[in-house]
Amino acid sequence: MKFFRRKTRDQLLHTTTVYLLMHSSVVHVGRLMSKTANCLDKEVSYFYKPTATMSQKAIREADGKRLLKNYFGDELGTIQFVAINEQTSLNDLPASNSWLNDTKLVAKPDQLIKRRGKLGLVKLNATYPEVCQWIQERKGKEIQVEAVSGPLDTFIVEPFVPHNSHDEYYVSITSVRGGDQIYFYHEGGVDVGDVDAKAEKCFVSATSLIDPETIMERLLHQVSEERRPRLAGFISKLFTFYRELGFSLIEINPVVVVDDQIYVIDLAAKLDQTADFEMSDRWGDIQYPAPFGRKQTKEERYISALDAKTGASLKLTILNSEGRVWTMVAGGGASVIYADTISDLGYGEELANYGEYSGDPNESLTYEYAKTVIDLMTRNQRKDKVLIIGGGIANFTNVAETFKGIIRAIQQYQDRLIQQGVKIYVRRGGPNYQSGLQMMTECGRSTGVHIEVFGPETHITSAVSYALGQKTMEQLLHESQAHSERSTPVAMVADPPQPAPASENSQKTRYEGLFTPDTTAFIYGMQAKACQNMLDFDHVCGRAKPSVTAIIYPFGGNHFTKFYYGTNEILIPVYSKMSEAVQKHPEVTVMVNFASFRSVYASVNETLDVAPQIRTIAIIAEGVPEQRTKLLIAKAKSKGVTIIGPATVGGIKPGCFRIGNTGGMIDNVIASKLYRPGSVAYVSRSGGMSNELNNIISRHSDGVYEGVSIGGDRYPGSTFIEHLLRYESDPGIKILVLLGEVGGVEEYEICDAVKCGKIKKPIIGWCIGTCARIFPYEVQFGHAGASAHGSSETAEAKNAAMKEAGVIVPTSFEEFGTVLGRIYNDLISKGVITPRPEPKTPTIPMDYSWARQLGLIRKPTNFVSSISDERGDELLYAGMPLSRVFEEDIGVGGVISLLWFKRRLPPYATKFIEMVLMVTADHGPAVSGAHNTIVTARAGKDLISSLVSGLMTIGPRFGGAIDDASRQFSQAHDRNLSPKTFVDEMRDKGELIMGIGHRVKTLQNPDKRVVILKDYIMNHFPQTNIVSYALEVEKITTAKRNNLILNVDGLIGTGFVDLLRGCGAFTREEADEYLSYGCLNGLFVLGRSIGFIGHYLDQVRMKQPLYRHPWDDISYVDGDNGF
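Quick note, the sequence shown lines up with residues 1 to 1123 if you use the UniProt record's numbering.
Rendered as structure tokens:
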């Protein structure tokens, strides 16, 4: 087993030593963002891939016709059908569908099979018994459709509509960039032919609808006069239906007109699945069947289920369970490139799976994903298997953390892996990748599994070539050493960064692009890490002022937040209203929008309305509904605003500006020389692959001048050609680079630009996704837009077209860097590029929290605590003698019922009160109340003073959510608001739902306190109206993010409302009155007092001395620093 950074561990040790010397001025970050960390944005998406859906999903014909029937009502000819699957009893159907016996019928499979008529898969003009016989003869039988085969298991049966061929028409509507395209042909049916070539077409922009008059004028030339108005009215309303219900494709062939009635005979449709959160009520229960012949395996369903429950992305498609080559790749773009390389090397038929994991999945998710892949791989007993654990250079994912889950899976299956001789090859880069690779190496040593690891000094796919015997270790070493010789030595001493010199080439003409050294930005959403990353980049670039001017966070009041600029702390204002931020900072021209896919449309719309100075908007979220994206694109274009995204990590202009996390951690920024401009500008779709491009370009040229990831969704806000034309006009840019992918047709615009001379500079282009040719069915790759919807959208077709137009197209992505290096050296020899001396490598201190994660520093704790329990307080109260309290064993709950409510409560109610006291008694020494109690006790104060010191901290930010949760949920229930309406109303008001959300716990990792209390309530309370309502709200909020659970405060509050209203001891007015007194806060105060008293006694017993806070954890600031 070998560790590749190879000269091996010594070289890694040297690299680590240099890195530590670079960061010798590490300072204590303290509680950076402590104020804002407690109010994380409920509507913000940090991850590049917050959701993992393919945007356009085919639906069954039955579902499409159900939606048509609901929308059109009686305006169409009768829409009747029954859907038949494997569980359907054919004999029982007529009982609930009497029309089956009253009319002639049509039967056909409903499994996304194209051209069913030509395949003989339609039964026409048949009686119900004939239909039953026809279905029984085919049900469960394997059939061949083109290159795939599969069983027939789902059918649709509907009335037969007698008609002639001249009654048939063809109509379809499909989503295109900027709007939608309507196709109409005056002939329909199985012999309609190539409608793309024959049909009349009408484009409708995203901001428009289409009226019947326009349809008659543009589409219905060859339709008889008497039928035109009827057909035009139908198509117009069909288009409105298509738009309103979030379709991306509707194809009806044929539409039949008989006696002025319109009948929809055959229908195929796709929905924009990303619109589910808006359309779920109108769609109802929609199925998204797998392509015919591609039934999901149990393992694929399991990964899909995991994917649906997390903000990370997990995808798995089994291609050949007997295959030799298995992959586990991080990143949507990287996963396609690995599959391409395996295919290019001649192992396409041996590729066992396609998949990817991304979006910073936690250890448990990567464990489940890796366990599933390894289990599948080791079922096959062949002895020559390889597992490639690959990926690009991560932007923000902690590589070592994700590897922990993979290592657990390897350890679990080590016996099988060793027995079958499986060889594992790991290639990764990004935050903490050195520790991750070292952990993988140690895993190989301890388990005996063959593991070899590679870092970012190798090409992203070199590990594939090596694993499959196409390259030797000597060749890889030579490539790595050649890179090391070209690389700038790392500075050993930290000097203050100087402004990065512009290249000689860029000084000839001043060109204003999207970003300059003076560009500043707003960040929408409380994204502390992304903000700090931008500021660190500014510092190493030597910018005169920070690039982040303000943060816009609509869920909190105006305040200031601390960040680092180098070693100095600065204050950045946070505004709750965008209009106020814009008014106070008119110089800002960029908006970096981290809003979630649910709320990003509204926030970007607001930006376009109230911020005329904003010229560039970056939309980070993935999964924005296509119709919404198109509306934003149209509005931005009308105002001259450039949109980068959706589904992007952003962009970067070395020496000037970076968007969010683009370029990754600061050590990667330095390694890729992104702190000063080079001569190469690139545009890509993939955010992860943009980091790999930074690496490749820095290895084979003088580095990056500018790079933009336009985003992985099908309709990015800006296109390849728009950025490439900018680059063509910029005198500082000498080489253009394009990394496209399968799906879409934007690359053809580049072909035209090169042919007509709009682009004259050398341009290297490559479309990833060439592996698609080896798949017998459509596979959705890592991005929503990475799926070909026609032969012209394949990667091979686009690569060939670019090559023919004059774009420099390498033979494979692995040759990309070599080709770039050749062109770069050629331009040097021609004098187009003049190399400059490399400036001194800048440095920046490492964050305290990151250094602690890496195990590079340690800090003594300020408190010692050995307790976490509760102590009962036995007090005597008038109204019931103490002896009876003990004789009847009413407990503390019974005492509270007497003292607080002047009456006895049922035993189940007093037991619940006691359970509440138990779960609220203590939560460790670090929370604010316990902290105050401990500090006061160490000052020599008495128990009462120490307890009061702790109790005084209880309020809206600590312990006060119980009262508010009970009020919000009970009022919403009493107003008869549906849970969804309640959630929407709170979002519209910009208010948080109290009692919802947890920083650590999720649906899959529930809070034990909540589980215990919920089980007790459901099993003992006579009514649970408010608790049940809150659990329905939880279903809606956890669909957005799985940590938005009903927490312990929310359950106590809603449970207590049900207790008071349902126990029979109170009238409704009395129950509401007691709640308004604050009795729930009283429960928290009483319960937590138990723990506070315990902390006091613990400190006195351990004789802890007077506590003084360390001065280096305090920022001493004067008025000149912005306060």
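Where a beta carbon is used, it is the ideal one built from N, C-alpha and C, also for glycine.
{"Item": "Local conformation of G707 per DSSP, three classes", "Value": "strand"}
{"Item": "Cβ contact (3+ pairs, closer than 8 Å) linking the segment 176 to 184 and the segment 201 to 218", "Value": "yes"}
{"Item": "Inside the segment 378 to 417 only - alpha helix (DSSP H) runs reaching at least 4 residues", "Value": "399 to 412"}
{"Item": "Length-filtered (3 minimum) beta strand (DSSP E) runs lying within the segment 512 to 588", "Value": "521 to 524, 548 to 552, 559 to 565 and 568 to 575"}
{"Item": "Rounded separation between S599 and S709 - CA only", "Value": "22 Å"}
{"Item": "Where the beta strand (DSSP E) containing I156 begins and where it ends", "Value": "F155 to P159"}
{"Item": "Chain-order list of residues whose beta-carbon lies under 6 Å from that of S1115 (same chain, five-residue window excluded)", "Value": "E569"}
{"Item": "Of the listed residues L119, V157 and D63, nearest to S98 (C-alpha basis)", "Value": "V157"}
{"Item": "Where E793 sits in the DSSP three-state scheme", "Value": "helix"}
{"Item": "Selected residue, minimal CA-CA separation from E722, among S684, S698 and Q87", "Value": "S684"}
{"Item": "Presumed contact (8 Å Cβ cut-off) between T519 and C656, rounded CB distance", "Value": "7 Å"}
{"Item": "Bridge partners - D272, DSSP secondary structure assignment", "Value": "Q56"}
{"Item": "Cα-Cα separation, V983 to F277", "Value": "12 Å"}
{"Item": "Any 3 or more C-beta pairs closer than 8 Å across the segment 540 to 558 and the segment 621 to 628", "Value": "no"}
{"Item": "Contact belief for A618 with I644 at Cβ below 8 Å, rounded distance in angstroms", "Value": "4 Å"}
{"Item": "DSSP state of residue 1131 mapped onto helix, strand, coil", "Value": "In the structure as shown, the chain starts at 1 and stops at 1123, and residue 1131 therefore has no counterpart that could be examined."}
{"Item": "Euclidean distance between Cα positions of T78 and E187", "Value": "22 Å"}
{"Item": "Local conformation of D259 per DSSP, three classes", "Value": "coil"}
{"Item": "S812 to A352 span [Cα, whole Å]", "Value": "21 Å"}
{"Item": "Reduced DSSP category for S321 - H, G, I as helix; E, B as strand; rest coil", "Value": "coil"}
{"Item": "contact_flag[the segment 273 to 287, the segment 334 to 341] where n(CB pairs < 8 Å) is 3 or more", "Value": "no"}
{"Item": "Whether L376 touches S321 by CB criterion (8 Å)", "Value": "yes"}
{"Item": "Where the alpha helix (DSSP H) through A909 begins and ends", "Value": "P907 to T920"}
{"Item": "Reference D667; option with closest CA among V832, W850 and E741", "Value": "W850"}
{"Item": "Residue closest to Y727, alpha-carbon to alpha-carbon, out of S701, E746 and I759", "Value": "I759"}
{"Item": "Option nearest E706 by Cα separation, candidates R714, I697, G712 and D713", "Value": "I697"}
{"Item": "Candidates R699, P925, F537 and P151: closest to L112 by CA position", "Value": "P151"}
{"Item": "Buried or exposed (CB count within 10 angstroms, at least 16 for buried), E587", "Value": "exposed"}
{"Item": "Whole alpha helix (DSSP H) elements within the segment 55 to 109, 4-residue minimum", "Value": "61 to 72 and 93 to 96"}
{"Item": "Per DSSP, cross-strand counterpart(s) of V204", "Value": "D180"}
{"Item": "Identity of the residues DSSP links to V148 by a beta bridge", "Value": "V145"}
{"Item": "The beta strand (DSSP E) enclosing Y848, as first and last residue numbers", "Value": "That residue, Y848, is in no beta strand (DSSP E); its alpha helix (DSSP H) goes Y848 to Q853."}
{"Item": "Run of the beta strand (DSSP E) containing R598, from where it starts to where it stops", "Value": "No beta strand (DSSP E) contains R598, which DSSP labels as neither H nor E."}
{"Item": "Residues bridged to G355 (per DSSP)", "Value": "L316"}
{"Item": "Buried/exposed call for A805, threshold 16 Cβ in 10 Å", "Value": "buried"}
{"Item": "First and last residue of the uninterrupted alpha helix (DSSP H) at I643", "Value": "I643 -> not in any alpha helix (DSSP H); beta strand (DSSP E) instead, spanning T642 to I644."}
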